[in-house]
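Numbering (our numbering), first residue to last: 4 to 361. All C-beta atoms, glycine included, are put in the ideal place defined by N, C-alpha and C. No experiment lies behind these values; they were computed from the predicted model shown. In what follows, a structure is listed as structure tokens, so that the remarks can point back to it.
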Amino acid sequence: MPKPISTIFKTAFLFAGTMLGAGFASGQELLYFFIAYGSMGIYGIVTAGIFFSLLGYRLLKISNQFETTDYTLFINKLCGKRFGFILNLLLGFFLFTILQLMLIAAGTICRNYFYLPFALGYTSLSLLILVLALFGVQGIMKVNLIATPFLALIILIICFSSLHYHEFSFSLFEHTVSLSNQPAPHWLLSCLLYASYNLSISLPLLVPLGAKIKCNQTRLLGSILGATLLMSLAICITFTILLHCPYILNAQIPMLDISCSQSLLHSFLYLIIFLLAIFTTSLSCLYGCASQLKKHTNLPYPLCLIFLLCISFFFINLEFSEIIQRLFPWFGYLALFIMIKLLLAKDGGRNEKNNSPY
4 MPKPISTIFK TAFLFAGTML GAGFASGQEL LYFFIAYGSM GIYGIVTAGI
54 FFSLLGYRLL KISNQFETTD YTLFINKLCG KRFGFILNLL LGFFLFTILQ
104 LMLIAAGTIC RNYFYLPFAL GYTSLSLLIL VLALFGVQGI MKVNLIATPF
154 LALIILIICF SSLHYHEFSF SLFEHTVSLS NQPAPHWLLS CLLYASYNLS
204 ISLPLLVPLG AKIKCNQTRL LGSILGATLL MSLAICITFT ILLHCPYILN
254 AQIPMLDISC SQSLLHSFLY LIIFLLAIFT TSLSCLYGCA SQLKKHTNLP
304 YPLCLIFLLC ISFFFINLEF SEIIQRLFPW FGYLALFIMI KLLLAKDGGR
354 NEKNNSPY
């Protein structure tokens, strides 16, 4: 494959991988932000895909113009120093909350599916991400680059198996879902919130990625291809969950429950990729939190990693689905401000090289 084309695919996988986390793979995020609106959720996913490609491209481009790999500095330059300081603190809190959820999820899966102690899963993930986070953002990007194609492949296998068994029908577009909680009064606002908070929590990885890519065409095509991959996987998961409504609506991890109903092999495969999604999500969140803590305290980066993982032990009673429903929409409203600033940011200030992928 020619280098420019391979670089575009690499950018796309890295772009999608930053958002293809445990909330996405579980189906819980899609259930809450899209499926809760019935058939209109499908249009919401397509709209979110458009936002991902547009805002993702702008994010990669502006971060390159700012010439920074530090996401906190990126936010300060984009939103102003005072408001940027507040946004960075709130983003750090949100990243830490997600990190804690991932550690709890690892312990819960270890206990409920492997019949091993909760502490074993929790501690094992903590030690693993501690070691890999020491390699910095480049090491995390390499992990995402390897994990993303595997995650996408297994998700497609499970979804197409379910769609084939239940026979896909266009009547799914007329499906109504009854959920007591919805993140927003309208599906369009919900998809905006979803795209905004996902891009915002991906800033620790997307800002260094944008700073690295000097070719504008690579940024554009990479973000479009990455957003298309996310949108396609989201539609497949949505159709799969709709096929299993209303029985699956109260599940903590809907897609894992669906895979368990198919076969032992499928349940094992989805369990593995869900653990992989937990791993990549927790790794990027730990890096983002530690980077910000280091900047505010001047503590050594390794000590920041250890400190964050130690205090996480005091918050082991959080509920996965409850946090998604309570916290994510509020952060989505806050993240909308960052996305608006991103759209309004002026171009220019750095020469673009269109003849080189990097």
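- Nearest C-alpha to T10 among S294, F340, I238, Q220: Q220.
- Between S315 and I143, the beta carbon gap of about 18 Å keeps them out of contact (Cβ cut-off 8 Å).
- In this structure, DSSP gives G335 a helical state, which the three-state scheme calls helix.
- When the five nearest sequence neighbours on each side are left out, the beta carbons in the same chain lying within less than 8 Å of the beta carbon of T71 are those of F77, K80, V210, A214, in order along the chain.
- In this structure, C194 lies near F36, with their beta-carbon atoms less than 8 Å apart.
- For G24, there is no enclosing alpha helix (DSSP H), as DSSP marks it with neither H nor E.
- Cβ-Cβ distances below 7 Å link Y290 to A136, V140, I143, P207 in the same chain, with the five nearest sequence neighbours on each side left out; the list follows chain order.
- A distance of 8 Å or more separates the beta carbons of A51 and G225.
- Using a C-beta cut-off of 8 Å, the stretch 234-249 makes contact with the stretch 33-48, since at least three inter-stretch Cβ pairs fall below that distance.
- Within the model, the alpha-carbon separation for C113 versus L154 is close to 19 Å.
- Per the Cβ contact rule, the stretch 189-204 is in contact with the stretch 334-344 (3 or more Cβ pairs under 8 Å).
- With fewer than 16 other Cβ atoms inside 10 Å of its own Cβ, F317 counts as exposed.
- For L34, the closest alpha carbon among the candidates L312, T241, S270 is that of T241.
- Within a 10 Å sphere around the beta-carbon of L62 sit 16 or more other beta-carbons, which makes this residue buried.
- Residue burial annotation: K64 is buried, with at least 16 other C-beta atoms found within 10 angstroms of its C-beta.
- Rounded to whole angstroms, L57 and C248 show a C-alpha spacing of 32 Å.
- Taking each of F331, P303, C263, Q185 in turn and checking the Cα distance to Y40, the smallest one comes out for Q185.
- Counted as a single uninterrupted DSSP element, the alpha helix (DSSP H) harbouring I112 occupies residues 84-115.
- Of the residues G44, L106, N147, Y60, the one whose Cα lies closest to the Cα of L128 is L106.
- Counting of Cβ neighbours within 10 angstroms places D260 among the buried residues, the total reaching 16 or more.
- For P152, the uninterrupted alpha helix (DSSP H) run begins and ends at 139-169, by DSSP.
- Contact between G24 and A280 holds, since their C-beta atoms are separated by about 6 Å, short of 8 Å.
- T283 is not a Cβ neighbour of G110, given a cutoff of 8 Å.
- I275 places its beta carbon 8 Å or farther from that of A28.
- For L233, the closest C-alpha among the options I89, D350, L159, K344 is that of L159.
- Around the C-beta of T75, 16 or more other C-beta atoms lie within 10 Å, and the residue is accordingly described as buried.
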